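Here's the structure we're looking at; comments come further down.
Protein chains in written order, with the numbering used here: chain A, 716 to 789; chain B, 1101 to 1350.
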């Protein structure tokens, strides 16, 4: 196989991890919305936790993206 | 791919000597220059923000006070009363990372947090201090951290290595998270900016199509602004969580 083609394929495979991240972030925000809807007074306490969870989950996406970039551009 | 235009997103992370001849002789790069600039800007904000000391704060004072109160509340909430002792450290880390992230978004500038050497050093500093605090507060009792209370003893051979590995991987995840976020964001912006050039050089309909990547890049700038603040916040809050573990052992 051509190296350039293999690189493109590898980068594509590397970002499959984003599927899991999408599910994870969706889960976090759906729980966040559900909790705030049940108890609107708790929003101030829950929101930072939600965004922390979002950032931690998003970092998994970025690890995968980083690998893809490393494959593509170096 | 249009002829002559190649995507070179990694070029922006290369270090160059700044300040001309003087910079070259002491290896002073643009990353160092922006660290100095970021620190200076933050010091200026805090200095000129704190100086009026008005009861009804002006805009600058409000910005400085909100930043201060935000991190102070976070440190006290996360670490507990002892958080006040660590607040200067957490605030310094937060301000440094925030300034790095935000300055990186200024066109033609450089985000020093997009280098693993910088974030790695920060993360090692955090972990070293957290471990030192834990050892000073608890002495050798600190090592009970690796065996949570209530775990059956026969599980110890399994739990202890897992806890040790998770403890040791903290600086890695802490540094790579910030570095990857900033690097990926800047690479993405360069990739979309290159699309504009590719579309434009194609001519004809491409000149109109080139507007889409421009619009997307504007949106990305907004998103990166959010990421810049969020990642500085996450770095600071994880620092607080690690310090909480150091002070309270679980």
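Glycine included, every Cβ here is placed at the ideal spot set by N, Cα and C.
None of the values given here were measured: they were computed from a predicted structure.
Asked: C-alpha distance - residue 788 of chain A paired with residue 1312 of chain B, whole-angstrom precision; Found: 24 angstroms
Asked: Cβ-based contacts, 7 angstroms cut-off: residues of the stretch 751 to 769 of chain A near chain B; Found: 766 and 767
Asked: Closest by C-alpha distance to residue 1205 of chain B, when choosing among B:1308, B:1283, B:1338 and B:1310; Found: B:1283
Asked: Contact set between the stretch 1106 to 1118 of chain B and chain A, restricted to residues whose Cβ is under 8 angstroms from the partner; Found: 1107, 1108, 1109 and 1110
Asked: Coil, strand or helix - residue 1117 of chain B by DSSP; Found: strand
Asked: Segments of 4+ residues assigned as alpha helix (DSSP H) that fall wholly inside the stretch 1198 to 1271 of chain B; Found: 1216 to 1238 and 1256 to 1268
Asked: Of the listed residues B:1168, B:1349 and B:1280, nearest to residue 1220 of chain B (C-alpha basis); Found: B:1280
Asked: contact_flag[the stretch 1176 to 1196 of chain B, the stretch 1252 to 1261 of chain B] where n(CB pairs < 8 angstroms) is 3 or more; Found: no
Asked: Residue from B:1272, B:1179, B:1178 and B:1198 whose Cα sits closest to the Cα of residue 1224 of chain B; Found: B:1272
Asked: Beta-ladder partner(s) of residue 1129 of chain B, from DSSP; Found: B:1117
Asked: Residues of its chain near residue 1130 of chain B, where Cβ-Cβ distance is below 6 angstroms and the 5 sequence neighbours each way are ignored; Found: 1116, 1118 and 1210
Asked: CB contact below 7 angstroms: residue 778 of chain A versus chain B; Found: yes
Asked: Residues in the stretch 1129 to 1141 of chain B having any Cβ partner in chain A nearer than 7 angstroms; Found: none
Asked: DSSP-derived helix/strand/coil call for residue 1109 of chain B; Found: coil
Asked: Euclidean distance between Cα positions of residue 732 of chain A and residue 740 of chain A; Found: 13 angstroms
Asked: Cβ-based burial, residue 1314 of chain B [other Cβ within 10 Å; buried from 16]; Found: exposed
Asked: Interface flag, residue 1330 of chain B vs chain A, CB-CB below 7 angstroms; Found: yes
Asked: CA-to-CA distance, residue 1324 of chain B to residue 1101 of chain B, given in whole angstroms; Found: Interpretation of residue 1101 of chain B is limited by its pLDDT of 43, a score under 50 that renders its predicted location unreliable; the figure taken from the coordinates is listed afterwards. Straight-line Cα distance between these residues: approximately 27 angstroms.
Asked: Proximity test, Cβ basis, 7 angstroms: residue 1101 of chain B and chain A; Found: Only weak support exists for where residue 1101 of chain B lies, its pLDDT of 43 falling under 50; the value from the coordinates is given anyway. No, because no Cβ of chain A sits closer than 7 angstroms to the Cβ of residue 1101 of chain B.
Asked: Contacting residues, own chain, Cβ-Cβ under 6 angstroms from residue 1344 of chain B (five flanking each side not counted); Found: 1178 and 1179
Asked: Partners in chain A for residue 1283 of chain B, counting only beta-carbon separations shorter than 7 angstroms; Found: 781
Asked: For residue 772 of chain A, the three-state DSSP class (helix, strand or coil); Found: helix
Asked: Own chain partners of residue 1295 of chain B with C-beta closer than 6 angstroms, once the 5 adjacent residues on each side are dropped; Found: 1313
Asked: Limits of the unbroken alpha helix (DSSP H) element including residue 745 of chain A; Found: 732 to 753
Asked: Alpha-carbon to alpha-carbon, residue 1287 of chain B and residue 1110 of chain B; Found: 7 angstroms
Asked: Three-way DSSP call (helix, strand, coil) for residue 716 of chain A in this model; Found: coil
Asked: Under 8 angstroms by beta carbon: chain B residues contacting residue 746 of chain A; Found: Simply none; closest approach about 19 angstroms.
Asked: First through last residue of the alpha helix (DSSP H) which encompasses residue 1313 of chain B; Found: 1311 to 1348
Asked: Counted within 10 angstroms of its Cβ, other Cβ atoms place residue 1331 of chain B as buried (16 or more) or exposed; Found: buried
Asked: Sequence-distant residues of its chain with Cβ nearer than 6 angstroms to residue 1203 of chain B (five each side left out); Found: 1134, 1138 and 1209
Asked: Stretch pair the stretch 752 to 770 of chain A + the stretch 1299 to 1312 of chain B: three plus CB contacts closer than 8 angstroms; Found: no
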